[in-house]
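Heads up: the structure comes next, in structure tokens.
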Amino acid sequence: MTRFSPGDRVRVPHAFPPGHVRTPQFVRGRTGTVIRHFGAFPNPSLLAYGLSGLPRLDLYQVAFEMDEVWSGDGAYAPGDTVTADIYDNWLEPVED
Amino acid sequence: MTDRAITDLGGLEAGPVDTHEHEPTLTERRIDAMMMLMRQKPRAFWGADENRRTIESLTPEMYENSKYYERWVWAMRALTVEKGILSEAEIEARLADVRQRYAAKGDPS
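What follows is the structure, given as structure tokens:
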């Protein structure tokens with residue numbers, strides 16, 4: 121049982137902790153939609169320091185509207201999205 | 017933002033990207049081979065995530081002034097010390113020997 125399912129709205133925390141973080145800067149603080157659950161994998165933030173990375177974290181593919189990520193700055197078509205692979209500990213539920 | 021990792025480039029101006037294939041140099045092949053010897057079984061001294069973390073930890077000057085495989089060398093140096101495989105003193109002593117040899121005979125590469 122995963123915390124999120126495809127179609128769920130999620131927010132990425134606007135956070136900048138030290139250490140090895142896989143969540144790209146351009147999606148931090150942004151809201152998107154889960155489109156896929158890849159599975160559960162050892163936590164790379166812990167693996168990066170030689171630890172086991174356990175317990176495993178669910179990894180999701182999340183789609184963000186281009187307007188949400190780039191704030192209207194850039195050339196793209198309406199409805200274009202950008203996706204990022206984000207671990208469960210970097211996602212917060214959003215009530216629509 | 018100053019807290020952006022030097023490897024986290026999404027959304028930044030980058031200019032044109034050179035996508036031409038090129039043959040790795042002998043030095044690049046040697047660096048690649050050394051990295052595989054360190055990372056693969058039976059040694060498996062460290063994993064991909066540790067490698068990434070170490071490269072992210074380079075100063076911006078070191079990162080930007082290094083080519084791809086040079087960053088691997090910096091990572092290998094840091095991780096061999098971190099894992100207690102070699103000491104800084106051992107690495108420096110060996111480098112001093114090599115520099116002396118090159119100075120005497122010229123760079124053989």
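Chains V and Y, in that order, give the protein sequences. For what it's worth, the working numbering labels the leading residue of the first sequence as 121, then goes sequentially. For what it's worth, the working numbering labels the leading residue of the second sequence as 17, then goes sequentially. Glycine included, C-beta positions come from ideal geometry on N, C-alpha and C.
Check the Cα spacing between residue 85 of chain Y and each of Y:31, Y:35, Y:47: the tightest is with Y:47. For residue 180 of chain V, the enclosing beta strand (DSSP E) covers residues 177-185. If you look at residue 153 of chain V, you'll find it in the beta strand (DSSP E) that goes 151-161. Chain Y places no beta carbon closer than 7 Å to that of residue 183 of chain V, leaving this residue out of the contacts. The C-beta of residue 55 of chain Y comes no closer than 7 Å to any C-beta of chain V. Within chain V, the C-beta atoms nearer than 7 Å to that of residue 68 of chain Y come from 140, 168, in chain order. For residue 207 of chain V, the beta-bridge partners assigned by DSSP are V:179. Residue 160 of chain V has its alpha-carbon roughly 27 Å from the corresponding atom of residue 186 of chain V. Assigned with DSSP and collapsed to three states, residue 32 of chain Y falls in coil, not helix or strand.
Going by C-alpha positions, residue 78 of chain Y is about 44 Å away from residue 121 of chain V. Residue 201 of chain V sits in a strand when the DSSP states are folded into three classes.
Pairing residue 212 of chain V with residue 150 of chain V gives a Cβ-Cβ distance that is not under 7 Å.
Straight-line measurement puts the Cα of residue 19 of chain Y at about 12 Å from the Cα of residue 76 of chain Y.
Flagged as an interface residue toward chain Y: residue 146 of chain V, by a C-beta distance shorter than 7 Å.
Residue-level contact by beta carbon holds for residue 136 of chain V and chain Y, with a gap shorter than 7 Å. Following the DSSP letters along the chain, one finds residue 20 of chain Y in no beta strand (DSSP E), marked with neither H nor E. For residue 142 of chain V, the closest alpha carbon among the candidates Y:117, Y:26, Y:80, Y:112 is that of Y:26. With a cutoff of 7 Å on beta-carbon distance, residue 202 of chain V and residue 180 of chain V are scored as not near each other. Contact between residue 183 of chain V and residue 140 of chain V fails: their C-beta atoms lie close to 24 Å from each other, not under 8 Å.
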